[in-house]
Structure formats: structure tokens, C-alpha cells
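Counted from 1, the sequence shown has number 156 at position 157 by numbering that gives the first Met the number 0; the numbering is strictly sequential. For each residue, glycine too, the CB sits at the ideal point set by N, CA and C. Because the structure is a prediction, the values reported are computed rather than measured.
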Amino acid sequence: MIHSFKGAQNVLSLLSPQQQQQLLESGKTIKLVAHQTLFSKGEPATHFYLVKKGQLKIFRITPAGDEKVFNLFTPDSWIAEMAMFMPNPSYPMNAQSEVASEVLAVKRETLLGIIDNCPTLARALLGLMSTKIFSLVNNVDKLTFINASQRFVLHLGHLYQMQTGDEGKIKLQQPKHVLASQLNITPETFSRILRKLKSQQLIEEKGDTILLLDIEKLCAEVELTSDIFTR
0 MIHSFKGAQN
10 VLSLLSPQQQ
20 QQLLESGKTI
30 KLVAHQTLFS
40 KGEPATHFYL
50 VKKGQLKIFR
60 ITPAGDEKVF
70 NLFTPDSWIA
80 EMAMFMPNPS
90 YPMNAQSEVA
100 SEVLAVKRET
110 LLGIIDNCPT
120 LARALLGLMS
130 TKIFSLVNNV
140 DKLTFINASQ
150 RFVLHLGHLY
160 QMQTGDEGKI
170 KLQQPKHVLA
180 SQLNITPETF
190 SRILRKLKSQ
200 QLIEEKGDTI
210 LLLDIEKLCA
220 EVELTSDIFT
230 R
């Protein structure tokens, strides 16, 4: 059985085991070849999707014609579930497979029917939506009022607090080009930030892992307080 409802910020984690099973059993499997479009921005949002195999990205095309990737989805990730609650739902972004992939498509009506029959679930959903809105407001603040180096170090602090394991080690959750896009940093600037912090012996980079060599000096370098790394 797929364990796909974990995570405090997942709408579907609020469902009971029986409701979760109902969703899974109602879905239809879709196979995608590499670089195949799952849905496009503006299309009616009739389904949401569980990634079973492969990897998909959600992205938008900027007015300049550049592709801005907002997130990558790997197996056990849900895509577009929040769009199901819009009055006249349409997909706010494009979704495309990065490699040969397989998803489970679940109808919007199935999820709404479950919620309509469970007032307790509806109240929990409102609480989760409020938390997400608060988080988005905080993200806007970070993108607006702090510089690129500070955004990167703040992100490291967030990951450090969320992850458990060896002290001083942080595993990045996305490829660097996706992370740069999420932090509103150009790839070139992101590379310069990494080079500078490494040359100052504040961090080391090993694949998708960042080693924190001196948290106090790292935070001082970007004018942040070291309590952002407190677990």
C-alpha cells in the first residue's frame, strides 16, 4: 500500500485511514513519457494527482519567456490538491514529467464529497488553510525585505530545524536550480553565494548535502542571528 498522506502541511493528511483508502481506490492510473504535459495553466482543475513513479515539475513561463520551476514532485507526493477548493477551479501552473512517470488521478468531486460529509474535517481544513496563508505571507516578507544571501542562509536554518541527524549537516530537498528559483535568486547569483561561503570556509558542499563549518560566523557574515539554526 502507498503511504502517501504523511506531512503536517498535506491537506490529505487530515483524512481518516478509511477516507484515504476511498481516495486511492477511486483513482485512475496515468502513465507519462518523459517531458509529457500532465496539465497546463488555466485548464479546468478536475483532478488532483498522486505521483507513483518518476518525477514531475510545476512551472510557469515568465513574460520574458523563461521557465520558472516552483517545485519538483517525487513518488508519494500529491499535486494540485489545493486547487480543488477554488470556486471555479483551474490549474494555476503547468505540470510536466521530467522522466517517464506514473500518477494516480483522483476526481475533485471525490474529495469534496468526503469533506461535505465530515464537518470535523472541514474545520481542520480551514485551520490548515490559515496556516498556509500565514506561511505564504512570511515567504513574501523574506523575498521582499532581505537579500539573496540571507534568504539562502534562512533556508538552511529552516531545513536544519526540520531535519534530524548529524549535527552540522543539511540535506537539500531540491536541485540547486529549483531552490534558487524558489528563493527568487538567479542561478548565477546562487552559484556566487555558494562559492563565497565555501571560500570563507563557512560551509562545505558534498552532493546534495551542505556541511555547516561555523554557524556563528556564517550568520554573522549575512547579518542574521544564529538562533535560526536552533533545534
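Rounded to whole angstroms, the gap between the alpha carbons of Lys-197 and Asn-146 is 18 Å. In this structure, the CA atom of Glu-24 is about 10 Å from the CA atom of Leu-103. For Thr-229, the CB contacts under 8 Å within the same chain, skipping 5 residues up- and downstream, are Gln-160 in chain order.
DSSP, reduced to helix, strand and coil, places Lys-195 within a helical segment of the structure shown. In this structure, the CA atom of Leu-212 is about 13 Å from the CA atom of Val-152. Under the three-state reduction of DSSP, Ala-179 is assigned to helix. Contact between the segment 60–77 and the segment 121–135 is absent: fewer than three C-beta pairs spanning the two stretches fall below 8 Å. Within a 10 Å sphere around the beta-carbon of Val-105 sit 16 or more other beta-carbons, which makes this residue buried. Going by C-alpha positions, Leu-49 is about 43 Å away from Gln-199.
Ile-29 and Lys-195 have their alpha carbons spaced roughly 45 Å apart.
According to the DSSP assignment, Gln-95 belongs to the beta strand (DSSP E) that extends over 93–96.
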